[in-house]
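Position in the sequence shown counted from 1, then plus 134, gives you the numbering used here. Glycine included, C-beta positions come from ideal geometry on N, C-alpha and C. Predicted, not measured: the structure shown is a model, and the values here were computed from it.
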Amino acid sequence: MAILVTGGAGYIGSHTVVELLNTNRDIVVLDNLSNSSEVSLERVKKITGKTAKFYQGDILDREILRKIFAENQIDSVIHFAGLKAVGESVQKPLYYYQNNVTGSIVLVEEMLKANVNTIVFSSSATVYGDPAEIPITENCPVGGTTNPYGTSKYMVERILEDTTKAFPQFSAVVLRYFNPVGAHSSGLIGEDPNGIPNNLLPYISQVAVGKLQQLSVFGSDYDTYDGTGVRDYIHVVDLAIGHLKALEKHQDDAGFHIYNLGTGTGYSVLDMVKAFEQSNEIQVPYKLVDRRPGDIATCYSNPKKALEVLGWKTERDLNQMMKDTWNWQKNNPNGYKG
Ligand code: NAD
Ligand code: UD1
């Protein structure tokens with residue numbers, strides 16, 4: 135039996151495909167390459183010595199989904215495919231809802247027709263909005279999202295929950311990621327953002343490699359220990375392994391299952407700059423500027439449920455996140471473009 139990984143050529147998807155291939159699973163990847171390159175899958179092959187079967191196509195395309203389910207014995211789906219740029223989602227809400235929400239509906243409809251009854255979905259801590267309590271547990275209220283990207287994640291969560299109620303054989307696992315960073319220790323795969331990065335670590339590493347001049351620290355007057363925003367950064371390989379654990383536990387385990395995937399520790403923007411500098415012995419010039427609209431002060435997880443139920447916890451510390459980010463960036467200054 136094989137696992138279908140939608141969005142498997144992307145950042146988190148490619149790292150998860152590595153971990154899945156390392157456990158000798160048969161993997162099929164569906165990706166339209168709208169935000170990725172097939173080179174990532176060639177690198178996955180280099181790392182693992184194994185090949186994932188690749189279909190270039192769209193989750194909105196029923197024909198290719200039917201073809202995949204007909205040609206392969208798929209028993210579960212890990213669903214990464216989606217658009218993720220918060221700012222762009224505000225400009226192009228219909229594009230985001232069409233891709234992320236309608237795309238997920240089409241995928242689940244075709245899964246049900248093909249009698250594939252397990253899905254693991256990439257959600258985000260963004261569904262908690264400005265969180266009711268810190269650290270955030272899975273019971274915190276959700277839905278106070280402030281942009282179409284976040285709302286699309288919340289909507290897909292609800293759609294999956296309702297599907298598990300209507301189809302008693304259906305198992306849906308929602309993984310709420312905190313802030314994924316880092317790269318595979320080989321330096322062969324990593325995050326390859328288009329244009330100027332929005333997220334902190336890709337920005338820091340592009341400053342370090344000389345592509346950008348200096349980091350702007352968004353806000354130094356938050357109610358945090360040094361005034362800058364605090365987040366729960368999680369190494370992408372730990373995150374990838376979380377997907378394997380979720381699948382092991384909930385394959386064909388009908389119902390709706392939610393987990394936070396984070397470390398449980400918050401670091402400030404200035405902590406991150408200092409850690410990057412110390413781990414890699416390289417300076418990261420920065421300036422303090424105004425807050426970025428839509429940002430919150432503090433966001434970190436209580437990851438206890440994932441430990442108790444899945445037996446999963448993070449193993450890679452901040453130093454490892456920084457070293458692996460830099461190893462990827464310095465060896466691939468232009469990402470997969472060479
Ligand atoms: P990514 O852009 O690197 O990967 C997403 C992949 O999906 C890309 O390869 C893209 O080409 C593909 N894709 C997009 N729309 C598609 C479609 N309609 N059909 C087929 N393929 C399509 O992003 P990522 O960081 O690896 O994120 C993976 C998932 O995790 C996304 O759903 C994202 O929203 C979610 N997530 C990411 C983060 C993060 O910080 N990276 C945080 C929380 C949640
Ligand atoms: C952002 C998204 C969130 C998404 C997550 C992961 C917003 C409002 N939220 O979260 O929906 O799930 O990415 O992709 O965009 N920072 C700087 N300078 C920079 C970049 C960031 O100071 O150039 C700060 C931010 O203010 C924040 C921290 O670094 O305090 C982390 O930012 P970022 O990596 O963008 O992640 P989030 O804002 O947590």
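If you follow the beta strand (DSSP E) that Ile208 is in, where does it begin and where does it stop? Ile208 to His213
Check whether the Cβ of Gly237 sits closer than 7 Å to any heavy atom of the ligand NAD, and report yes or no. yes
Give me the DSSP bridge partner(s) of Asn394. Arg310
Check whether the stretch 280-300 touches the stretch 173-188, taking contact to mean three or more Cβ pairs, one atom from each stretch, closer than 8 Å. no
Endpoints, the alpha helix (DSSP H) within which Gln454 is located: Leu452 to Asn465
My parser needs the alpha helix (DSSP H) runs of 4 or more residues fully inside the stretch 355-382; what are they? none
Could you give the first and the last residue of the continuous alpha helix (DSSP H) run that contains Ala204? Arg196 to Glu205
Can you tell me where the alpha helix (DSSP H) holding Phe410 begins and where it ends? Val403 to Asn414
Are three or more beta carbon pairs between the stretch 299-313 and the stretch 451-464 nearer than 8 Å? no
Using CA coordinates, which residue listed in Phe301, Gly321, Thr271 and Val418 is at the minimum distance from Asp387? Phe301
Quick check on DSSP: helix, strand or coil for Gly237? helix
What's the gap between the Cα of Phe255 and the Cα of Tyr401? 26 Å
At a cut-off of 7 Å, is Phe214 close to the ligand UD1 when judged by its beta-carbon and the heavy atoms of the ligand? no
Could you check which residue in Gln303, Glu243, Gly329 and Val276 has the C-alpha nearest to that of Glu222? Gly329
Backbone CA spacing between Ala440 and Ile368 [nearest angstrom]: 14 Å
Assigned secondary structure, Gln385 (DSSP; H/G/I helix, E/B strand, else coil): coil
Would you call the stretch 390-397 in contact with the stretch 261-276, where contact means no fewer than 3 C-beta pairs closer than 8 Å? yes
Please name the residue in Lys421, Thr182, Ser286 and Gly445 whose C-alpha comes closest to that of Ser319. Thr182
Going along the chain, which residues of its own chain have a beta-carbon closer than 8 Å to the beta-carbon of Glu411, five neighbours each way excluded? Gln417 and Val418
Three-state class that DSSP yields for Thr182 in the structure shown: helix
Tell me whether the beta-carbon of Val178 lies closer than 8 Å to the beta-carbon of Val151. yes
Taking the CB atoms as reference points, tell me whether Gly378 and Glu153 lie closer together than 8 Å. Going by the sequence as given, residue 378 is Leu instead of Gly. Contact: yes.
Check whether the Cβ of Leu381 lies closer than 7 Å to any heavy atom of the ligand NAD, and answer yes or no. no
Would you list the one or two residues that DSSP bridges to Thr279? None, per the DSSP bridge assignment.
Residues near Asp360 in its chain [Cβ-Cβ closer than 7 Å; skip 5 each side]: Ser402 and Leu404
Can you give me the start and stop residues for the alpha helix (DSSP H) that Leu349 sits inside? Taken as a continuous stretch (DSSP letters only), Leu349 belongs to no alpha helix (DSSP H), being part of the beta strand (DSSP E) at Leu349 to Phe352.
Using DSSP with H/G/I as helix, E/B as strand and the rest coil, what is Ser171? coil
From what residue to what residue does the alpha helix (DSSP H) around Thr150 run? Tyr145 to Asn156
DSSP state of Ile161 mapped onto helix, strand, coil: strand
Gln190 in three-state terms, based on DSSP: strand
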